[in-house]
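Have a look at the structure below, then the notes.
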Ligand code: KG4
Ligand code: ZN
């Protein structure tokens, strides 16, 4: 089975061809970073127009680079939400047109399910597993029991982890996009110089909170001479911030691991996904937490953690294999929680 995937829910126009034997035949990503940089954030209107300008060419490129023809495809998968609705509409409409013209089944993929199933593409892991999904818009921990079968243990009560990285990077003037810039700065910083809070640490449950941490960084800057962070201050604050996020994630994920191991006795696997999972320090701290709880740690390669279309094509393959596809009337959804998803029909009454 060979599927074309399309991802347009944020600021990357991405297309990919993936086969059911877990081969990524092509994986094309066009980042809009330069278009959004002057605004230090993603402008939805600019994003939608840019997706529209490039989607045609990127679909052709994915086919060319994979060396496949329309006739080789068994399905088409596109992100149908959640995300910036203008962009989602561009990708989904393109997918519908292709499905109609070439008589292919269509799968409207939940972007979060794309992240959630990526470790099955990269590492071929089995269900069930515990998933920490940390991206720009989402921060949640879930038991993944099957395709469409996600049970939420907890999530952020305010900002997502990636959002906190982005806002803190802006505050420290580290550049855009914030997450990778902050990680680079932190590499040269002294994480022990500023004592930042670790929200929720030690509390029961699996919820997260990051907005207090971001505010603490702002206060720390205000307390510096002239109320400004020097380049030295900025890298030290970046390191302290990254360390605090890693500690909070590990603590909350640790509670989730305990619960998961009770529900699914006998080891188990802890998987981290989403853009923040590209962060090397966070991966290392989470790997330690997993081994302390007797769980195997897994994380897709960084390029498959940040947004891409290979994960969308793969989620399409997982669904098509179960006989799940969507009608041409499928609506794009700006909001679409993972635990509202449907999997195989026998899973739910
Ligand atoms: O999964 P993703 O590409 O898009 C969403 O679905 O949100 O995640 C993007 C988020 C951004 O907030 C970005 O700053 C963060 O992931 N991110 C990172 C790193 N790379 C991306 N955060 C920390 N360290 C990184 N290396
Ligand atoms: Zn994402």
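Residue numbers (the working numbering): 698 to 1046. Glycine included, C-beta positions come from ideal geometry on N, C-alpha and C. Quick caveat: nothing in here was measured; it's all calculated off a predicted structure.
Comparing alpha-carbon positions, which option in the options lies nearest residue i?
i	options	result
residue 725	882, 757 and 833	757
residue 804	720, 789 and 774	774
residue 952	892, 760 and 840	840
residue 965	989, 971 and 997	989
residue 685	920, 1002 and 872	Since the first residue of the chain shown is 698 and the last is 1046, residue 685 is not available in this structure.
residue 846	900, 1023 and 1015	1015
residue 899	949, 867, 934 and 1019	949
residue 794	767, 820 and 819	767
residue 970	798, 957, 995 and 796	995
residue 737	830, 870 and 721	870
residue 934	764, 787, 878 and 981	878
residue 1035	849, 887, 868 and 992	849
residue 829	721, 892, 957 and 890	957
residue 750	862, 791 and 723	791
Provide the residue span of the beta strand (DSSP E) that contains residue i, from first to last.
i	result
residue 728	721-728
residue 969	966-970
residue 849	846-852
residue 839	836-843
residue 716	709-716
residue 700	699-704
Compare the beta carbon distance of residue i and residue j with 8 Å and say whether it is the shorter of the two.
i	j	result
residue 930	residue 704	no
residue 943	residue 978	yes
residue 813	residue 833	no
residue 947	residue 967	no
residue 755	residue 815	no
residue 1019	residue 802	no
residue 739	residue 708	yes
residue 865	residue 872	no
residue 759	residue 796	no
residue 1122	residue 851	The structure shown does not extend to residue 1122, since the chain is modelled only from 698 to 1046, so the question has no answer here.
residue 907	residue 894	no
residue 819	residue 997	yes
residue 999	residue 975	yes
residue 743	residue 787	no
residue 721	residue 765	no
residue 706	residue 784	yes
residue 867	residue 905	no
residue 861	residue 891	no
Using a beta-carbon distance below 8 Å, is residue i in contact with chain B?
i	result
residue 1034	Structure shown: chain B not included; a single protein chain is present.
Cβ pair count under 8 Å reaching 3, the segment 948-964 against the segment 815-829: yes
Segments assigned alpha helix (DSSP H), at least 4 residues, entirely inside the segment 748-826: 782-799 and 808-820
Touch test, the segment 724-743 against the segment 1023-1030, Cβ-Cβ under 8 Å, three pairs minimum: no
Three or more C-beta pairs below 8 Å linking the segment 807-822 and the segment 776-783: yes
4-residue-minimum alpha helix (DSSP H) runs that sit fully inside the segment 944-1026, ordered along the chain: 977-989, 999-1002 and 1007-1018
Whole beta strand (DSSP E) elements within the segment 862-920, 3-residue minimum: none
Contact the segment 715-725 vs the segment 762-771: 3+ CB pairs below 8 Å: yes
Stretch pair the segment 913-920 + the segment 1004-1020: three plus CB contacts closer than 8 Å: no
Three CB pairs or more closer than 8 Å across the segment 871-884 and the segment 933-941: yes
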